[in-house]
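*Asks:* My structure is below; once you've seen it, I'll send some questions.
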């Protein structure tokens, strides 16, 4: 997957510096959502019947958190790099990754519970792996779109 973005990573070396921030934020947001949903499942507050409502609610929360953290990350990236396009890439990526990770983090435990698999055992490792891999893809895709001069 990364070989398709070699040019971008080599040309804009600063892209590499923000990977831990972006992936870590996505993983944390997804893990928090997983724990919230697992708690609600165990208390019988949610189930497969209202999975769509739960996913929309958690996605909205993730989007709001991503917007706030994205603005802070934009400012920090701009302060560090002095580059508007790169900073915009960081801010938008945080928003996208937080929204994505909370959406997936809300759906996976419900599906696991539906199929009789313990969501507490399955969800955290699956979310972490999925968000790490897809978060990097989201980041590099957004970078490729925004940093058009590459």
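In this note's numbering, the protein residues as written are 12 to 161. C-beta atoms are modelled at their ideal positions from N, C-alpha and C, and glycine is treated no differently.
On the three-state DSSP scale, how would you describe residue 129?
*Replies:* On the chain shown, position 118 is the one that residue 129 refers to. Three-state result, residue 129: coil.
*Asks:* Give the straight-line distance between the Cα atoms of residue 87 and residue 49, rounded to the nearest whole angstrom.
*Replies:* For the purposes of this step, residue 87 is taken as the residue at position 76 of the chain shown. For the purposes of this step, residue 49 is taken as the residue at position 38 of the chain shown. Distance between the alpha carbons of residue 87 and residue 49: 34 Å.
*Asks:* Report the start-end ranges of each alpha helix (DSSP H) in the region 85-126 that is 4 residues or longer and not cut off at the edges.
*Replies:* 95-125
*Asks:* Whose CA, out of 45, 68, 104, lies closest to the CA of residue 85?
*Replies:* Within the chain shown, numbered from 1, the residue matching residue 85 stands at position 74. It is 104.
*Asks:* How do the region 75-85 and the region 32-46 stand: do at least 3 beta-carbon pairs fall below 8 Å, yes or no?
*Replies:* yes
*Asks:* State the DSSP-derived secondary structure class of residue 138, mapped to helix, strand or coil.
*Replies:* What you label residue 138 is simply residue 127 of the chain shown in a count that begins at 1. Reduced to three states, the DSSP call for residue 138 is helix.
*Asks:* Does the region 130-146 come close enough to the region 107-119 that 3 or more CB-CB pairs lie under 8 Å?
*Replies:* By the Cβ rule, the region 107-119 counts as touching the region 130-146, because three or more pairs are nearer than 8 Å.
*Asks:* Residue 47 lies in the alpha helix (DSSP H); which residues open and close that run?
*Replies:* As a working mapping, residue 47 is identified with position 36 in the chain shown. Residues 30-53.
*Asks:* Can you say whether residue 82 is buried or exposed, counting buried as having 16 or more other CB atoms within 10 angstroms of its CB?
*Replies:* In the chain shown, residue 82 corresponds to position 71, counting from 1. That one is exposed.
*Asks:* Can you tell me which of the three DSSP states residue 159 falls into?
*Replies:* Within the chain shown, the letter at position 148 stands for residue 159. Residue 159: coil per DSSP, three-state reduction.
*Asks:* So, at 6 Å on beta carbons, what are the nonlocal neighbours of residue 30 in its own chain, with the 5 sequence-adjacent residues on each side left out?
*Replies:* For the purposes of this step, residue 30 is taken as residue 19 along the chain shown, with counting starting at 1. Excluding sequence neighbours, residue 30 sits near nothing in its chain.
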